[in-house]
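Below: one structure, written as structure tokens.
In mature numbering (1 follows the signal peptide of the UniProt record, and there is no 0), the protein residues as written are -19 to -1, 1 to 147.
As structure tokens, this is what we get:
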């Protein structure tokens, strides 16, 4: 495969990723505004990359503050992380939620991604798993029932042959 083909496949793969990249300056706050339905579990991952890579390794105090606000602008979560982190929250109301990042240093890039899990999706997954188990139980019961039936027919046939009724 040529170099261009590999590059094309890599670009297609990266386009499928649910993530974003943005630069974050000192005391600057960048927000992601997301329409989230009620009772939705949101999980976010991020990685902080300094423009000067030596700076992050020498300074343990650098990091990101993640702030989540609900549609009424009330703070749902505010937490300080290091150079990478993972946060989770549940939306208690439908509407636009603000997921904001702020750093205490200059010239950082943030790679952020998130995943939404709706309560209906969780219920559907549990329902499908239960349906699969019920199906297999019905198949096992049918196999047992047919096996016992054939065994009874064979025993009755042997009995009638032994008594010379057939």
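All C-beta atoms, glycine included, are put in the ideal place defined by N, C-alpha and C. All of these numbers come straight from a predicted model, not from anything done at the bench.
*Under the rule that 16 or more other beta-carbon atoms within 10 Å means buried, what is residue 29, buried or exposed?*
Taking the chain shown and counting its residues from 1, the one referred to as residue 29 is at position 48. With 16 or more other Cβ atoms within 10 Å, it is buried.
*Compare the Cα-Cα distances from residue 68 to each of 108, 49, 56 and 76 and report the closest residue.*
Position 87 of the chain shown holds residue 68. Per the Cα distances, 49.
*Could you tell me whether the Cβ of residue 77 comes closer than 7 Å to any Cβ of chain B?*
This model lacks chain B altogether; it includes just one protein chain.
*asked:* If distances are taken between C-alpha atoms only, which option among 144, 15, 146 and 145 comes closest to residue 75?
replied: Residue mapping note: residue 75 aligns to position 94 of the chain shown, counting from 1. For the residues 144, 15, 146 and 145, the minimum Cα distance to residue 75 belongs to 15.
*asked:* Nearer than 6 Å: is that true of the beta carbon of residue 73 relative to any heavy atom of the ligand MN?
replied: Of the ligands one can find in the structure shown there are none, so the ligand MN has no counterpart to examine.
*Under 8 Å by Cβ, that's how I've got residue 72 and residue 17 pegged, so tell me the actual separation to the nearest angstrom.*
To locate residue 72, count along the chain shown from 1; it is residue 91. To locate residue 17, count along the chain shown from 1; it is residue 36. In this structure residue 72 is in contact with residue 17, their Cβ atoms being roughly 4 Å apart against a cut-off of 8 Å.
*Please state if the CB of residue 51 and the CB of residue 100 are separated by a distance shorter than 7 Å.*
Residue 100 sits at position 119 when you count from the first residue of the chain shown. Residue 51 sits at position 70 when you count from the first residue of the chain shown. No. Outside cutoff.
*Distance CB(residue 44)-CB(residue 63) smaller than 7 Å*: As a working note, residue 44 is residue 63 in the chain shown. As a working note, residue 63 is residue 82 in the chain shown. By the CB criterion at 7 Å, residue 44 and residue 63 fall inside the cutoff.
*Please name the residue or residues paired with residue 77 in a DSSP beta bridge.*
In the chain shown, counting from the first residue as 1, residue 77 sits at position 96. Partner(s): 16.
*Identify, in the order they occur along the chain, each residue of the same chain with its Cβ nearer than 6 Å to the Cβ of residue 81, setting aside the five sequence neighbours on each side.*
Taking the chain shown and counting its residues from 1, one reaches residue 81 at position 100. Counting only Cβ-Cβ distances below 6 Å, and skipping sequence neighbours, we find 10, 12 and 48.
*For residue 123, count neighbouring C-beta atoms within 10 Å of its own C-beta (all shown protein chains included) and say buried if the count is 16 or more, exposed if not.*
Stepping through the chain shown from its first residue, residue 123 is reached at position 142. It is exposed - the Cβ of residue 123 has fewer than 16 other Cβ atoms within 10 Å.
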